[in-house]
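The next block holds one structure in the form of structure tokens; read it before the comments.
In the working numbering, the protein residues as written are 126 to 772.
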């Protein structure tokens, strides 16, 4: 080990070969079709590149562009990456931003690509992006006001991520024949998505958060659909439907959006109009504002129905120049004027953690306009963005599965936590973050972090310690800049758009397994199917745990699980239900019922199972309609089953 007091170099007694690959320099003009390959990557651009033909960048290609140089597309540019091997366009030198890609009567398509620190602009452009990460990192570009600006043509952006560390309007689309922004994430910018002078298009299923002005801004846009979006923390408006210098925006449809923590949730102004249907607005200072902003432009028109406006200082505001209709909607501070409005608590499942599903006893269920389209279950429309039983966020089933918060002194691996993918598909956890009681403590998962179906991933405090004692484990990340408390604490996993994926508070004393507190064991979840917030579903591991693979207790549980099969009928049930348990062994059993909040209902049954089919008839007369769960425990096996009661 050598050091100068600040820097350290560690020597080893074996060679560490270093391979240096010279970049392939591109010409300044391309007049015939060209393909860039992974084998000749990286490529270097030291001048302005004019493309007069077709240029293709194949999977795994990296293009590095020198400071202030640009690409001019008169023909077409196609980025053809894959998830495993994306195409990357980035500065030749980190921090020295290149200029831009500008499209002039040309085509630009990209799939599975990353574009860093360059502007995208164009006129008469045809743009089709899918799974492209566009971000602006260089902090000296303060004179650039718009990062992605297209005039005329057609733009489709799907499954893209757009973020910035600098102040800019990110996406501005103007005078297009069609504009689609779908399944995209936009964050950390001035305005999120701005449409101007567009009469055909959609913004669908996007997540927009941490913007310094408006999340979605319309000027002279007509007949555009804004639906299924999640907007959080816009310092001005979540959705702004307006005029400014281009003319009013009319007949726009705003439906099934969740808008939270904004100055104003939705604004309609200056002769503009909007139909606002089945939205959820929460914790905005003003829920919906309809008004004249510029003198002489007149007010706005808003037709609102089936919408929740909750926890707002001013649920609805409008001036003398404006017209507003509010029907079949709910507010929890006053009863709004209009037909069949409701003054009540909307009864969200967990609004603090942004779960705006409706609880079974919510007054919003089946309370929407009876002339509206039916809910997915065929019932009358509910009020709010999320029909009862339907989740807005397709929350991936990633489980905190094993915890090492206090190692034994003779086997000190440092703190670590294990995650398990219990979902039905691979999950990209890039940009997700893990934290504890202190929200300033964050580990952000790096790009291209993919957790495979049935896969495990360990996050450790000190990689060197962990690797030295678990040399066979390769599926780990580190280092965390914070540890896990040996006094117990809450730990949480969030997606990059701040959706809570999993959380729990672990303890260090009974009923939590105390062997994990410095005695060589870890806390391991008996099965990923169990509720990991309950201490009875955790046990002390054998020896030093099983990081990166199936828990030891889970193996035993799965073996026991094969000994029985369980189903209930009818389901949904009414006054009673029959639980059928087919068992291969004779054993004692216990069944306990819980409501949707995990609270015990008082229904508990114990008894003895014979080999073969066992039938248990349960009287449900004391139970209200709703979603319930029951656990079955026997011979070291425990599992949870769902039961719906409709009366």
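By construction, the Cβ of each residue, glycine as well, lies at the ideal position given by its N, Cα and C atoms. None of these values were measured; they are calculated from a predicted model.
Under a Cβ-count criterion, where at least 16 other Cβ atoms within 10 Å of its own Cβ denotes burial, should residue 216 be classed as buried or exposed?
-> Around the beta carbon of residue 216, 16 or more other beta carbons sit within 10 angstroms, so the residue counts as buried.
Among 368, 367 and 359, the one whose alpha carbon lies nearest that of residue 389 | If we check each option's Cα against that of residue 389, 359 comes out closest.
Could you check what DSSP says for residue 720 in three-state terms: helix, strand or coil?
-> DSSP places residue 720 in strand when its eight states are reduced to three.
DSSP beta-bridge partners of residue 480 | Beta-bridge pairing links residue 480 to 475.
Opposite residue 456 in the DSSP bridges: which residues?
-> DSSP output for residue 456 lists 434 and 468 as bridge partner(s).
According to DSSP, what are the bridge partners of residue 179?
-> Residue 179 is bridged to 201.
Taking the runs of the beta strand (DSSP E) that are 3 residues or longer, which of them lie wholly in the stretch 531 to 558?
-> Counting whole runs of 3 or more residues, the stretch 531 to 558 contains the beta strand (DSSP E) stretches 541 to 546.
Scan the stretch 576 to 646 and note each continuous alpha helix (DSSP H) run of 4 residues or more that stays entirely inside, going in chain order.
-> 588 to 594, all fully within the stretch 576 to 646.
Determine the closest residue to residue 500 out of 259, 469, 381 and 748, with distance taken between C-alpha atoms.
-> For the residues 259, 469, 381 and 748, the minimum Cα distance to residue 500 belongs to 381.
For residue 677, name the three-state secondary structure that DSSP assigns.
-> In the three-state DSSP reduction, residue 677 falls in the helix class (H, G or I).
Cβ-based neighbour list, residue 394, same chain, cut-off 6 angstroms, excluding 5 preceding and 5 following | If we look at residue 394 and ignore the five residues flanking it on each side, its Cβ neighbours are 367, 416, 418 and 425.
Three-state class that DSSP yields for residue 164 in the structure shown | Helix at residue 164.
Separation of residue 605 from residue 619, as counted between CA atoms | Distance between the alpha carbons of residue 619 and residue 605 is about 15 angstroms.
Taking residue 212 as the reference, which of 176, 667, 630 and 257 has the closest Cα?
-> Nearest of 176, 667, 630 and 257 to residue 212, Cα basis: 257.
Residue 369, DSSP secondary structure in three states = DSSP, reduced to helix, strand and coil, places residue 369 outside both helices and strands of the structure shown, so it counts as coil.
Taking the alpha carbon of residue 748 as the point to measure from, which residue in 771, 165 and 593 has its own alpha carbon closest?
-> With distances taken between Cα atoms, residue 748 lies closest to 771.
Where in the stretch 332 to 394 do unbroken runs of the beta strand (DSSP E), each at least 3 residues long, occur, reported from the N-terminal end onward?
-> Correct list: 332 to 336, 341 to 346, 350 to 352, 355 to 359, 362 to 367, 377 to 380, 383 to 385 and 389 to 394.
Can you give me the Cβ contacts of residue 641 inside the same chain, cut-off strictly under 6 angstroms, excluding the 5 residues immediately before and after it?
-> So the list reads 647, 648 and 665, once near-sequence residues are dropped.
Beta-carbon proximity of residue 609 to residue 563, cut-off 7 angstroms | Going by C-beta atoms, residue 609 is not nearer than 7 angstroms to residue 563.
Any idea if residue 448 is buried or exposed, counting beta-carbon neighbours within 10 angstroms, 16 or more meaning buried?
-> Residue 448 should be labelled exposed.
Which first and last residues belong to the beta strand (DSSP E) in which residue 439 is found?
-> 439 to 443 is the extent of the beta strand (DSSP E) around residue 439.
Chain-order list of residues whose beta-carbon lies under 6 angstroms from that of residue 161 (same chain, five-residue window excluded) = Residues of the same chain with a CB within less than 6 angstroms of the CB of residue 161, apart from the 5 flanking positions on each side, are 168, 182 and 186 in chain order.
Is residue 680 buried or exposed, if buried means 16 or more other CB atoms sit within 10 Å of its CB?
-> In this prediction, residue 680 scores a pLDDT of 45, lower than 50, which makes its location untrustworthy; the coordinate-derived value is nonetheless stated afterwards. A residue is called buried once 16 or more other Cβ atoms fall within 10 Å of its Cβ, and residue 680, having fewer, is exposed.
What do you get for residue 130, buried or exposed, if any count of 16 or more other CB atoms within 10 angstroms of its CB means buried?
-> Confidence in residue 130 is poor, its pLDDT being 44 and thus under 50, which makes the residue's placement unreliable; the coordinate value appears in the next sentence. Exposed is the label assigned to residue 130, since fewer than 16 other Cβ atoms lie within 10 Å of its Cβ.
Could you please give the first and the last residue of the uninterrupted beta strand (DSSP E) stretch that includes residue 216?
-> 212 to 216 is the span of the beta strand (DSSP E), which, as asked, contains residue 216.
Considering only residues of the same chain and omitting the five flanking positions on each side of residue 667, which have a CB-CB separation below 8 angstroms?
-> Residues of the same chain with a CB within less than 8 angstroms of the CB of residue 667, apart from the 5 flanking positions on each side, are 646 and 677 in chain order.
Taking C-beta to C-beta, are residue 403 and residue 431 nearer than 7 angstroms?
-> Yes, the pair counts as a contact, with Cβ atoms nearer than the cut-off.
Using the Cα positions of residue 196 and residue 587, report the straight-line distance between them to the nearest angstrom.
-> Looking at the two C-alpha atoms, the distance is approximately 43 angstroms.
Along the chain, where does the beta strand (DSSP E) that runs through residue 314 open and close?
-> 310 to 314 is the span of the beta strand (DSSP E), which, as asked, contains residue 314.
DSSP on residue 322, reduced to helix/strand/coil?
-> Strand at residue 322.
Distance CB(residue 546)-CB(residue 576) smaller than 7 angstroms | Yes.
From what residue to what residue does the beta strand (DSSP E) around residue 287 run?
-> Secondary structure note for residue 287: its beta strand (DSSP E) is the uninterrupted segment 286 to 289.
Would you tell me roughly how many angstroms separate the C-alpha atoms of residue 725 and residue 552, rounded to the nearest one?
-> Rounded to the nearest angstrom, the two C-alpha atoms are 33 angstroms apart.
Do you know offhand how far residue 714's Cα is from residue 473's?
-> Going from the Cα of residue 714 to the Cα of residue 473 covers about 35 angstroms.
Considering only C-alpha positions, which residue in the set 505, 496 and 497 is nearest to residue 488?
-> Of the candidates 505, 496 and 497, the one whose C-alpha sits nearest the C-alpha of residue 488 is 505.
Buried or exposed (CB count within 10 angstroms, at least 16 for buried), residue 773 | The first residue shown for the chain is 126 and the last is 772, placing residue 773 beyond what the model contains.
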